[in-house]
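Number of protein chains: 2
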Amino acid sequence: MLYFIGLGLADEKDISVKGLEIVKRAERVYLEAYTAILLVEKDALESFYGRSVTIADREMVESSSDQILADADKVDVAFLVVGDPFSATTHTDLLLRCRQSTPPIPVRTLPAASILTGVGCTGLSLYNFGQTVSMVFFTDNWRPMSFYDRVAENVKLGLHTLVLLDIKVKEPDLAMLARGKVVYEKPRFMTVAQCAQQLVETEEVKGEGICGPEKLAVGVARVGADDQEIVAGTLGELSEVDMGRPLHSLVLVGSRTHDMEREFVREYAVDKGTFDKAWVAQFGA
Amino acid sequence: MLYFIGLGLADEKDISVKGLEIVKRAERVYLEAYTAILLVEKDALESFYGRSVTIADREMVESSSDQILADADKVDVAFLVVGDPFSATTHTDLLLRCRQSTPPIPVRTLPAASILTGVGCTGLSLYNFGQTVSMVFFTDNWRPMSFYDRVAENVKLGLHTLVLLDIKVKEPDLAMLARGKVVYEKPRFMTVAQCAQQLVETEEVKGEGICGPEKLAVGVARVGADDQEIVAGTLGELSEVDMGRPLHSLVLVGSRTHDMEREFVREYAVDKGTFDKAWVAQFGA
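Protein chains in written order, with UniProt numbering: chain A, 1 to 285; chain B, 1 to 285.
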């Protein structure tokens with residue numbers, strides 16, 4: 001049996017009791033470590049589980065999954081995913097490969113906390129969210145802005161948009177690669193400030209009035225952890241905030257809000273004066 | 001400190017390891033038991049936790065919350081919520097009351113698995129979901145169809161819609177109430193079949209071509225449990241399915257799908273022939 005086990009958001013103790021039981025007894029344990037990260041290192045997991053964990057990078061999951069699936073029709077294999085196992089499409093792909101194996105590999109999924117619902121900590125109602133989008137690091141010659149159209153669809157309906165932010169954990173250094181050496185860059189995690197800046201920059205290019213510097217948003221950092229942080233403000237204000245260590249996410253606030261959402265979010269405002277003015281300007285009194 | 005602790009979806013072992021530690025040491029433990037239920041009884045929780053748990057019904061949470069919040073500025077109180085703590089607005093309300101208390105009551109939230117992401121088990125990409133809606137039991141004289149407009153917004157964008165289904169766990173029997181007696185009705189949980197029927201009925205009234213009997217949907221039951229079940233088909237077909245004990249949810253499939261979603265969902269089809277025909281008719285080849 002291949003078990004897809006969600007680890008939740010913050011540390012080694014966010015796994016479910018049931019998930020932990022399976023990890024302890026499985027034949028092999030893999031940790032998917034390229035779509036999200038926990039806020040603790042692999043050795044914290046290993047010492048908590050009392051066993052060794054193999055890091056499964058993108059290359060292993062997408063190209064060498066035979067290694068993960070070996071004998072999984074006979075023995076139990078645990079595949080650990082930060083957040084909920086089905087946040088990333090890649091894992092659907094792995095599941096399909098289990099079905100297509102001969103003999104088929106039985107699969108079981110253990111859901112866990114995800115940023116998609118954890119973002120409810122902002123006080124914004126999950127019923128008022130539209131599509132989730134993700135944003136990658138802009139570079140000099142690659143600035144993919146396709147997320148903008150989806151954000152615009154949400155904004156036009158008055159819905160909130162959760163923006164998931166890029167992480168780069170095992171990227172080859174291209175300059176070194178050109179010289180024939182594989183050297184990995186230092187891991188990078190997009191911050192709320194970078195996301196806000198890229199949203200404003202995208203608005204300058206697209207110009208439909210969706211995410212200019214005056215628009216209200218909420219930044220979150222380390223949801224579910226002891227040092228969870230929430231900051232509300234205009235994208236202009238959020239472009240300047242420092243929310244500390246990863247992971248960060250951002251919510252662009254939609255107009256279809258009720259008073260309780262406003263009251264709740266206002267508490268996190270960088271500046272309550274700006275917040276109130278921006279709110280009235282965007283959503284009315 | 002008031003701890004909002006998510007219990008996840010299926011049974012007593014879906015709580016996180018961290019959540020369990022807090023439950024074991026808290027001064028008092030409440031279980032919110034009117035927006036969702038676990039698939040196990042209260043005594044299974046109590047014996048697993050090794051302590052007693054007070055059921056918090058809607059009346060207690062919405063009107064007598066002082067009892068829950070008593071001394072929570074000094075002692076630890078655990079407020080357990082099935083699924084993720086912020087799926088229901090009511091709990092935002094309770095959190096606001098903590099802030100407004102004198103002295104303010106510190107609050108911490110422990111996210112957990114929610115049906116909002118657990119529904120990823122269908123193979124439908126969470127990035128392609130629009131707004132979540134909820135549906136209540138229609139009665140002879142109360143057939144609230146306001147969800148339809150939100151579903152229509154999703155459908156027009158090609159997005160999937162998660163429909164959360166009504167539960168009635170402590171409803172006074174109105175006939176008995178008229179005779180001066182408070183007697184509670186037997187708990188009721190909306191099934192996938194009832195939801196499909198009500199969608200089709202709503203379509204008959206509204207007529208915008210959003211959720212007629214030919215539309216494709218996926219029903220899920222007991223997500224995250226051993227006996228989790230997934231069934232795909234037209235709403236006409238799903239109106240006839242029996243998916244067993246609660247809880248059930250339904251996803252109306254949107255057109256903005258990729259091949260992997262189709263391949264994954266098809267496996268759960270009531271009838272693969274009907275499924276393929278409906279897919280081509282709605283979404284093209």
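All C-beta atoms in this analysis are idealised placements derived from N, C-alpha and C, irrespective of residue type, glycine included.
Cβ-based neighbour list, residue i, same chain, cut-off 7 Å, excluding 5 preceding and 5 following
i, result
"B:Ala-278", "Glu-214, Leu-216 and Thr-234"
"B:Lys-272", "Arg-266"
"B:Val-40", "Asp-11 and Glu-12"
Inter-residue Cα distance where the pair is residue i and residue j
i, j, result
"B:Ser-146", "B:Thr-202", "10 Å"
"B:Pro-103", "B:Asp-93", "17 Å"
"B:Pro-144", "B:Val-136", "7 Å"
"B:Ala-232", "B:Tyr-268", "5 Å"
"A:Val-119", "B:Gln-194", "31 Å"
"A:Ser-64", "A:Leu-2", "16 Å"
"B:Lys-168", "A:Ala-225", "34 Å"
"A:Lys-181", "B:Ser-114", "44 Å"
"B:Asp-242", "A:Ile-37", "40 Å"
"A:Arg-25", "A:Pro-106", "17 Å"
"A:Lys-206", "A:Val-155", "14 Å"
"B:Val-75", "B:Leu-69", "10 Å"
"B:Glu-263", "B:Gly-236", "21 Å"
"A:Asn-128", "A:Met-176", "46 Å"
"B:Trp-142", "A:Ser-47", "56 Å"
"B:Arg-58", "B:Val-81", "12 Å"
"B:Val-61", "A:Gln-67", "50 Å"
"residue 286 of chain A", "A:Asp-276", "There is simply no residue 286 of chain A to check, as chain A begins at 1 and stops at 285 in what is shown."
"residue 286 of chain B", "B:Arg-51", "The structure shown does not extend to residue 286 of chain B, since chain B is modelled only from 1 through 285, so no value can be given for it."
"A:Gln-282", "A:Thr-274", "12 Å"
Min CB distance residue i to chain B below 8 Å
i, result
"A:Asp-84", "yes"
"A:Thr-161", "no"
"A:Phe-129", "yes"
"A:Met-243", "no"
"A:Thr-274", "no"
"A:Leu-126", "yes"
"A:Met-260", "yes"
"A:Leu-2", "no"
"A:Glu-59", "no"
"A:Leu-9", "yes"
"A:Gly-120", "yes"
"A:Glu-41", "no"
"A:Glu-229", "no"
CB contact check: residue i to chain A, cutoff 8 Å
i, result
"B:Phe-264", "yes"
"B:Thr-90", "no"
"B:Thr-132", "yes"
"B:Asp-76", "no"
"B:Asp-93", "yes"
"B:Ser-87", "yes"
"B:Cys-195", "no"
"B:Gly-123", "yes"
"B:Gly-254", "no"
"B:Gly-6", "yes"
"B:Gly-233", "no"
8 Å Cβ cutoff met for residue i and residue j
i, j, result
"A:Val-133", "B:Lys-13", "no"
"B:Val-77", "B:Tyr-49", "no"
"B:Thr-122", "B:Val-265", "yes"
"residue 301 of chain B", "B:Ile-210", "Residue 301 of chain B lies beyond the residue range present for chain B, which begins at 1 and ends at 285; the question has no answer from this structure."
"B:Gly-219", "B:Leu-199", "no"
"B:Leu-124", "B:His-160", "yes"
"A:Met-260", "B:Leu-116", "no"
"A:Ala-33", "A:Ala-56", "yes"
"A:Asp-73", "A:Ser-101", "yes"
"B:Gly-212", "B:Glu-229", "no"
"B:Ala-111", "A:Val-223", "In the sequence as presented, Ala is not what sits at residue 111 of chain B; that position holds Pro. Contact flag set, yes."
Residues near residue i by beta carbon distance below 8 Å, same chain, minus five either side
i, result
"A:Leu-157", "Gly-130, Gly-254 and Arg-256"
"B:Tyr-184", "Lys-170, Glu-171, Pro-172 and Asp-173"
Contacting residues, own chain, Cβ-Cβ under 6 Å from residue i (five flanking each side not counted)
i, result
"B:Pro-187", "Val-169"
"B:His-248", "Leu-165, Thr-191, Val-192 and Ala-221"
"A:Phe-4", "Phe-79, Pro-85 and Thr-109"
"B:Phe-138", "Gln-198"
"B:Ile-15", "Leu-7"
"residue 317 of chain B", "Residue coverage of chain B in this structure runs from 1 to 285, which leaves residue 317 of chain B outside it and unanswerable."
"A:Pro-246", "Phe-189"
"B:Leu-45", "Glu-12 and Val-53"
"A:Cys-98", "Leu-2, Ile-105 and Val-107"
Chain D within 8 Å of residue i, Cβ atoms only
i, result
"A:Glu-201", "Among the protein chains of the structure shown, namely A and B, there is no chain D."
With 9 Å as the limit, tell me which residues of the region 95-118 of chain B have their beta carbon closer than that to any beta carbon of chain A; keep them in chain order. Taking 9 Å as the Cβ-Cβ cut-off against chain A, the residues of the region 95-118 of chain B that qualify are Leu-95, Leu-96, Arg-99, Arg-108, Thr-109, Leu-110, Pro-111, Ala-112, Ala-113, Ser-114, Ile-115, Leu-116, Thr-117 and Gly-118.
Between the region 13-38 of chain B and chain A, which residues of the former have a C-beta closer than 9 Å to a C-beta of the latter? Lys-13, Asp-14, Ile-15, Ser-16, Val-17, Lys-18, Gly-19, Leu-20 and Glu-21
Closer than 8 Å, Cβ to any Cβ of chain B: which residues of the region 140-166 of chain A, in chain order? Glu-153, Leu-157 and Leu-159
To be precise: take each residue of the region 210-226 of chain B, compare its Cβ to all Cβ atoms of chain A, and keep it if any distance is under 9 Å. Which residues remain? Val-223, Gly-224 and Asp-226
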